[in-house]
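*Asks:* In my numbering, the protein residues as written are 1 to 54. Just so you know, even glycine gets a beta-carbon here, dropped at the ideal spot from N, CA and C.
#1: Which residue from 19, 32, 25, 51 puts its Cα closest to that of residue 3?
#2: Given this structure, state the Cα-to-Cα distance separating residue 25 from residue 53, to the nearest angstrom.
#3: For residue 47, I'd like the list of residues in its chain whose CB is within less than 8 Å of its CB, leaving aside the five on either flank, ordered along the chain.
#4: Note down the Cα distance separating residue 49 from residue 16, rounded to an integer number of angstroms.
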């Protein structure tokens, strides 16, 4: 994941971003979401995770 995400992505509190994770079962979406949320939290942002299922 580190290699695929740009390290210079904007991370200002004034800009809202939506990230949609899509993939098959067991692909690591939940783990990736948790890592992204932890990275945002470390940058003093307030991540919100929403689960959606069909």
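*Replies:* Walking through what the data contain:
#1: 32
#2: 12 Å
#3: 36, 37, 40, 41
#4: 13 Å
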